[in-house]
Amino acid sequence: KQEVTQIPAALSVPEGENLVLNCSFTDSAIYNLQWFRQDPGKGLTSLLLIQSSQREQTSGRLNASLDKSSGRSTLYIAASQPGDSATYLCAALTRGYSTLTFGKGTMLLVSP
Amino acid sequence: DTGVSQDPRHKITKRGQNVTFRCDPISEHNRLYWYRQTLGQGPEFLTYFQNEAQLEKSRLLSDRFSAERPKGSFSTLEIQRTEQGDSAMYLCASSLAGLAGGETQYFGPGTRLLVL
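These protein sequences, in sequence, are chains A and B. The opening residue of the first sequence carries number 1 in our numbering; numbering runs sequentially from there. The opening residue of the second sequence carries number 1001 in our numbering; numbering runs sequentially from there.
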């Protein structure tokens, strides 16, 4: 059974800092790994999706990497802004399954 | 807007009442998923449909929960005899299944349920 873990559970940084969020998964047989953003009380916004054949994906100030052999993905946020404050979730789509397995998320607070 | 929509966005009910949520997927998507998210946790899978067929149900889906997807379009999730432990955000997602698998799931805004 796939298990996804996110570290840290919470992170507080001053505006302008670069930061890294970590995601680990136990079963490396994945189709893809996806990073989401969730604002308080809201649904999920997809940020980046990395297919199993890819090593990284970039969108603006966000860069996600994938290392299947070690069961890890990272989300790098450059030059953080207060508007980046949210919970970030990673989710793995595992081969043989049709449903996503999510981590518990990292709650990010970027202070002005 | 052609994204996934959910209705209602918020629902407050008293314990013991029945509630029904609706999800409208992206129109050409043949798969539809329901997830539940409680405070401080990631979403957990409940059930999913391919067209009108319910292909998988989680152990989380007790017999008080029932989901349907008539005609393979919108879906409804009904909770009977609600309990306070049912309070959560109910998320719907849809995807277009391909032969290779691994398709992207697109999420709706969720329905937040509070059972008093």
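For glycine and all other residues, C-beta sits at the position ideal for the given N, C-alpha and C.
The beta strand (DSSP E) that contains residue i, what's its start and end?
i	result
B/LYS1057	1053 to 1057
A/ASN32	30 to 38
A/LEU19	19 to 25
B/SER1095	1088 to 1095
B/SER1027	Counting along the chain, B/SER1027 falls outside any beta strand (DSSP E), and DSSP gives it neither H nor E.
B/SER1005	1005 to 1007
Pull the bridge partners of residue i from the DSSP assignment, please.
i	result
B/VAL1115	B/THR1013
B/GLU1044	B/ARG1036
A/PRO14	A/SER111
B/GLU1078	B/THR1020, B/SER1066
A/VAL4	A/PHE25
A/THR106	A/TYR88
B/TYR1106	B/SER1094
B/GLN1050	B/ARG1031, B/ALA1053
A/LEU93	A/ASN32, A/LEU100
Taking its Cβ as the centre, do 16 or more other Cβ atoms sit within 10 Å of residue i, making it buried, or is it exposed?
i	result
A/GLY16	exposed
B/THR1082	buried
B/ILE1012	exposed
B/ILE1131	Examination of residue 1131 of chain B is not possible in this model, given that chain B is present from 1001 through 1116 alone.
B/PRO1109	buried
A/VAL20	exposed
A/THR87	buried
B/ASN1018	exposed
B/SER1027	exposed
B/THR1047	buried
A/SER53	exposed
A/ASN18	exposed
A/ARG55	exposed
A/GLN81	exposed
Give, in chain order, every residue of the segment 1050 to 1080 of chain B whose Cβ lies closer than 9 Å to some Cβ of chain A. Legend: CB atoms of the segment 1050 to 1080 of chain B lying less than 9 Å from CB atoms of chain A belong to residues GLN1050, LEU1055, GLU1056, SER1058.
Closer than 9 Å, Cβ to any Cβ of chain B: which residues of the segment 40 to 58 of chain A, in chain order? Hits within the stretch, in order: GLY41, LYS42, GLY43, LEU44, THR45, SER46, LEU49, GLN51, SER52.
Using Cβ-Cβ distances below 9 Å, what residues of the segment 1025 to 1043 of chain B are close to chain A? When C-beta distances to chain A are compared with 9 Å, the residues of the segment 1025 to 1043 of chain B below that value are ARG1031, TYR1033, TYR1035, GLN1037, GLY1040, GLN1041, GLY1042, PRO1043, in chain order.
Length at least 3, wholly inside the segment 32 to 85 of chain A: the beta strand (DSSP E) runs in chain order: The segment 32 to 85 of chain A contains these whole beta strand (DSSP E) runs: 44 to 51, 56 to 59, 62 to 67, 72 to 77.
Please identify, using Cβ separations under 8 Å, the residues of the segment 74 to 100 of chain A that lie next to chain B, in order along the chain. Under the 8 Å Cβ criterion, the segment 74 to 100 of chain A contributes LEU89, ALA91, LEU93, ARG95, SER98, THR99, LEU100.
Can you pull out the residues from the segment 1080 to 1094 of chain B whose beta carbon lies closer than 7 Å to at least one beta carbon of chain A? When CB distances to chain A are screened at a threshold of 7 Å, the residues of the segment 1080 to 1094 of chain B falling below it are LEU1091, in chain order.
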